[in-house]
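Student:
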Amino acid sequence: MFISEKAPAKINLTLDVLYKRSDQYHEVEMVMTTVDLADRLEFVLTEDGSITVVSENRFVPSDERNLAYRAAKLLQERYQVTRGVRIYIEKQIPVAAGLAGGSSDAAATLRGLNRLWNLGIETEELSLLGSEIGSDVSFCIYNSTAIANGRGEKITELPPPPTCWVVLAKPSQGVATPSVFQSLQLDHVLHPDTQGMVDSIKRGDYQGICERLGNVLESVTLPNHPQVQQIKKLMRHSGADAVLMSGSGPTVFGLVQQEKKAERIYNSLRGFCEQVYVVRMLGESTALE
Ligand code: ATP
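Every letter in the sequence shown is one number past the one before it in UniProt numbering, and letter 46, counting from 1, is 46.
#1: Could you name the residues of the same chain whose beta carbon sits closer than 7 angstroms to that of residue 268, not counting the 5 residues immediately before and after it, in chain order?
#2: Return helix, strand or coil for residue 275, following the three-state DSSP convention.
#3: Looking at C-alpha atoms only, which residue of 55, 65, 79, 27 is the closest neighbour of residue 49?
#4: Measuring from the CB of residue 99, is there a heavy atom of ligand 1 at a distance below 8 angstroms?
#5: Is residue 67 close to chain C, meaning its C-beta is less than 9 angstroms from at least one C-beta of that chain?
#6: What are the boundary residues of the beta strand (DSSP E) that includes residue 166?
#7: Determine the DSSP secondary structure at residue 250, reduced to helix, strand or coil.
#8: Quick check on DSSP: helix, strand or coil for residue 162?
#9: Under 6 angstroms Cβ to Cβ from residue 247, same chain only, skipping five residues before and after it: list those, please.
#10: For residue 39, is the classification buried or exposed, using 16 other Cβ atoms within 10 angstroms of its Cβ as the cut-off for buried?
#11: Among 139, 82, 131, which has the Cα closest to the Cα of residue 116?
#12: Using 8 angstroms for Cβ pairs, my map puts residue 255 next to residue 168. What's the rounded Cβ distance?
#13: Let me check understanding here. Comparing Cα to Cα, which of 72, 77, 14, 89 lies closest to residue 110?
#14: Is residue 178 buried or exposed, if buried means 16 or more other CB atoms sit within 10 Å of its CB?
#15: Could you tell me which whole beta strand (DSSP E) segments of length 3 or greater appear in the UniProt domain "GHMP kinase N-terminal" (66-143)?
#16: Identify every residue that forms a DSSP beta bridge with residue 3.
#17: Using the three-state DSSP reduction, which class does residue 23 fall into: helix, strand or coil?
#18: Which residues mark the beginning and the end of the alpha helix (DSSP H) in which residue 149 is found?
#19: In this structure, does DSSP put residue 295 in helix, strand or coil?
#20: What does the alpha-carbon distance come out to for the pair residue 87 and residue 66?
#21: Grab me the residues of residue 192's own chain with a C-beta within less than 6 angstroms of its C-beta, minus the 5 sequence neighbours each way, in chain order.
#22: Using a threshold of 8 angstroms, is the CB atom of residue 247 nearer than that to any non-hydrogen atom of ligand 1?
#23: Pull up the distance between the alpha-carbon of residue 131 and that of residue 53, whole angstroms please.
#24: Just to confirm, is the Cβ distance from residue 126 to residue 96 under 9 angstroms?
#25: Just reading off the alpha helix (DSSP H) that residue 262 is part of, what are its end residues?
#26: Looking at the structure shown, is residue 18 part of a helix, part of a strand, or coil, going by DSSP?
#27: Say yes only if the C-beta of residue 89 is nearer than 8 angstroms to one or more non-hydrogen atoms of ligand 1, and no if none qualify.
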């Protein structure tokens, strides 16, 4: 018996860090949304209790370091499950890109195994479990648009934004998220207007969303990765309505409403950047197929 799940990428419309907590985590406030670039995971039931992960992507570990493996193990231990699973991951989301690829695989595993092992766990509880694996996993359980607080695990869903095209460009160099947070100097950053972003989404105001994109982690990643800065510039010059780095980077995304414009941006970036994608923001008239 097997089932499959899609694990879509997320982008940050805003990413703010409010302060550093006494437990060393950062208190964040982020508006995140889902795009239709997705990994595909297949779960095959095993009766001997073993958990194995198979992925052909050379950047993705196939052992207990894989976030999908960790999700399966957590579920198995917490709910005393005696059966096991073989997880096949078909990777589409670039790795270490700021698009929460690993977190989304972990979330898809929690959702998938909830079905495969017949556990009947509510979405909210799955989201809470996810936070034990990584801060972005809680959001990825929902595959929607939401504001995330705490260290990313407190999720409040928002209505879908007006749908648009998203051009994603990832420079070849990866970025290690923990080191970006470590280097962040909070007294020097420009904080995004999170409430304004939430209001714009609620109003379905595309222009308002474009005007309020903001990410405090750009203050760390941009100076260290000149290519990210160049991609931002190129996207703007090619006609993107708004441009931002997602997560800790290095992926940059540009928003546009017309498909033709998205294609133009795609073409102008292709020679410059190895991984470029044109995808849809999952909005009011689009769903994950
Ligand atoms: P975030 O936006 O949540 O910070 P990211 O997009 O920057 O995440 P990931 O693609 O999740 O980064 O990968 C980060 C690291 O996690 C990689 O270096 C990889 O070795 C490891 N990893 C573990 N499991 C996975 C997985 N299923 N897919 C991708 N990477 C994984």
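Built from N, CA and C at the ideal position, the CB exists for glycine as well.
Tutor: Let me spell this out:
#1: In the sequence shown, residue 268 corresponds to position 268, counting from 1. Closer than 7 angstroms at the Cβ level, and outside the excluded window around residue 268, lie 234, 238.
#2: Your numbering for residue 275 matches position 275 in the sequence shown. If DSSP states are grouped into helix, strand and coil, residue 275 belongs with the strands.
#3: Here residue 49 refers to the residue found at position 49 when the sequence shown is read from its first residue. Per the Cα distances, 79.
#4: In the sequence shown, residue 99 corresponds to position 99, counting from 1. A heavy atom of ligand 1 is found nearer than 8 angstroms to the CB of residue 99.
#5: Chain labels in this structure do not include chain C; a single protein chain is all it has.
#6: Here the question's residue 166 lines up with position 166 in the sequence shown. Taken as a continuous stretch (DSSP letters only), the beta strand (DSSP E) holding residue 166 covers 165-170.
#7: Indexing the sequence shown from 1 puts residue 250 at position 250. In this structure, DSSP gives residue 250 a state outside helix and strand, which the three-state scheme calls coil.
#8: Residue mapping note: residue 162 aligns to position 162 of the sequence shown, counting from 1. The answer is coil: DSSP assigns residue 162 none of H, G, I, E or B.
#9: By 1-based counting over the sequence shown, the position of residue 247 is 247. These residues qualify, in order along the chain: 12, 98.
#10: To locate residue 39, count along the sequence shown from 1; it is residue 39. Residue 39 should be labelled buried.
#11: Position 116 of the sequence shown, counting from 1, holds the residue named residue 116. Considering only alpha carbons, the answer is 82.
#12: If you number the sequence shown from 1, residue 255 lands on position 255. If you number the sequence shown from 1, residue 168 lands on position 168. The beta-carbon distance between residue 255 and residue 168, rounded to whole angstroms, is 11 angstroms. This is too long to meet the 8 angstroms contact definition.
#13: Position 110 of the sequence shown, counted from the first residue, corresponds to residue 110. With distances taken between Cα atoms, residue 110 lies closest to 72.
#14: Reading the sequence shown from its first residue, position 178 is the one you call residue 178. Counting the other CB atoms within 10 Å of its CB gives residue 178 a total below 16, which places it among the exposed residues.
#15: For the UniProt domain "GHMP kinase N-terminal" (66-143), whole beta strand (DSSP E) runs of length 3 or above, ordered along the chain, are 84-90.
#16: Locating residue 3 in the sequence shown gives position 3, where the first residue counts as 1. Residue pairing by DSSP places residue 3 opposite 43 in a beta bridge.
#17: As a position in the sequence shown, residue 23 is number 23, starting the count at 1. DSSP places residue 23 in coil when its eight states are reduced to three.
#18: Position 149 of the sequence shown holds residue 149. Per DSSP, residue 149 belongs to no alpha helix (DSSP H); it is in the beta strand (DSSP E), 145-149.
#19: The shown model of the chain, from 1 to 289, leaves out residue 295, and the question about it has no answer.
#20: For the purposes of this step, residue 87 is identified with residue 87 of the sequence shown, where counting begins at 1. For the purposes of this step, residue 66 is identified with residue 66 of the sequence shown, where counting begins at 1. Roughly 11 angstroms between the two C-alpha positions.
#21: For the purposes of this step, residue 192 is taken as the residue at position 192 of the sequence shown. Within the same chain, residue 192 has close Cβ partners 14, 16, 214.
#22: Here residue 247 is taken as the residue at index 247 of the sequence shown, counted from 1. Checking every heavy atom of ligand 1 against the Cβ of residue 247, one is found closer than 8 angstroms.
#23: Position 131 of the sequence shown, counted from the start, is the residue given in the question as residue 131. Position 53 of the sequence shown, counted from the start, is the residue given in the question as residue 53. It is roughly 21 angstroms from the alpha-carbon of residue 131 to the alpha-carbon of residue 53.
#24: Numbered from its first residue, the sequence shown carries residue 126 at position 126. Numbered from its first residue, the sequence shown carries residue 96 at position 96. Taking 9 angstroms as the Cβ cut-off, residue 126 and residue 96 do not qualify as a contacting pair.
#25: As a position in the sequence shown, residue 262 is number 262, starting the count at 1. Boundaries of the alpha helix (DSSP H) around residue 262: 259-270.
#26: Along the sequence shown, one-based indexing puts residue 18 at 18. In the structure shown, residue 18 falls within a strand segment according to DSSP collapsed to helix, strand and coil.
#27: As a working mapping, residue 89 is identified with position 89 in the sequence shown. Yes; taking the cut-off as 8 angstroms, the Cβ of residue 89 has a heavy atom of ligand 1 nearer than that.
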